[in-house]
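Novice:
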């Protein structure tokens, strides 16, 4: 069932990309091409993000049917190999499957939250200690002090890169090695802080009172609208068709701002505040 669901999501994203890409030959071509590019981006992110999980569940299913786990490499034969694996996964369980322990998800109720950090240095230690930890909560104080520190580092990088770039343009007429290295370090900083930023946002939203479904919707819509807007804005610049899409660009920017303001307002709330409202209790 999991593999079937995985295949459906993959096909829906691929068909959506082909559909909107085909609309690019009609009116509002930049808008449709932007949506198509966004769906293609989602397709690749989903593919890369689910690849290890897909391989793991395929190996477990092959073990369950007492087939060689090496058959998972049939995925290298794009299309046909995956189809053969789906057929093999329909085989009934083997009597010999008892030699493998049944896979069970860890019970989140057994999770023991770490002690609340008391000072700024402890907050950053906790920030990197919980690099991949989506469970638990993050207090408002802990979250916002970390965000202030992260924002300050980001601002320092931007100022240094800008100042170094201006100096290089005056002295050499192009970016020199110092500016290039600063940009590289900044990119590595953003990549390295992506996961702990995501996890601390998840823990903060859970601390406010959102369920896993509610916080997934809020973060997913906010990130999705932001990325779609950036793709749309870049395509408008490349095609020099700003005047034709001003209304769509303003509306999309408004939606992005609504998403971000909503996220910030919720993350400014006290612990458990959303749980007090019965109207949004289902979230």
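Numbering (our numbering), first residue to last: 29 to 311. Every residue, glycine too, gets a C-beta built ideally from N, C-alpha and C.
1) Between the C-alpha atoms of residue 175 and residue 151, what's the straight-line distance to the nearest angstrom?
2) Can the beta-carbon of residue 263 be found less than 8 Å from the beta-carbon of residue 283?
3) Could you have a look at residue 33 and say whether DSSP puts it in helix, strand or coil?
4) Have a look at residue 54 and residue 266 and give me their C-alpha separation to the nearest angstrom.
5) With H, G and I counted as helix, E and B as strand and the rest as coil, what does DSSP make of residue 163?
6) Any idea if residue 280 is buried or exposed, counting beta-carbon neighbours within 10 angstroms, 16 or more meaning buried?
7) Return the CA-CA distance between residue 137 and residue 285, expressed in angstroms with no decimal places.
8) Where does residue 121 fall in DSSP's three states?
9) Cutting at 6 Å between CB atoms, please list the residues of its own chain near residue 231, excluding the five before and the five after it.
10) Quick one: grab the DSSP three-state call for residue 105.
11) CB residue 299 to CB residue 235, shorter than 8 Å?
12) So, does the stretch 90–100 touch the stretch 40–52, judging by three or more C-beta pairs under 8 Å?
13) Does DSSP classify residue 88 as helix, strand or coil?
14) Rounded to whole angstroms, what's the CA-CA distance from residue 259 to residue 121? Just pull it up for me.
15) Check for me: the alpha helix (DSSP H) holding residue 224 runs from which residue to which?
16) Buried or exposed: where does residue 210 fall if 16 or more other Cβ atoms within 10 Å of its Cβ makes it buried?
17) According to the neighbour-count rule (16 or more other Cβ atoms, all chains shown, within 10 Å of its Cβ), is residue 89 buried or exposed?
18) What is the residue span of the alpha helix (DSSP H) that residue 170 lies within?
Specialist: In this structure, then:
1) 10 Å
2) no
3) helix
4) 18 Å
5) coil
6) buried
7) Note on residue 137: pLDDT 47, under 50, position unreliable in the model; the coordinate value appears next. Roughly 36 Å between the two C-alpha positions.
8) coil
9) 164, 165, 166
10) coil
11) yes
12) no
13) helix
14) 47 Å
15) 205–236
16) buried
17) buried
18) 168–199
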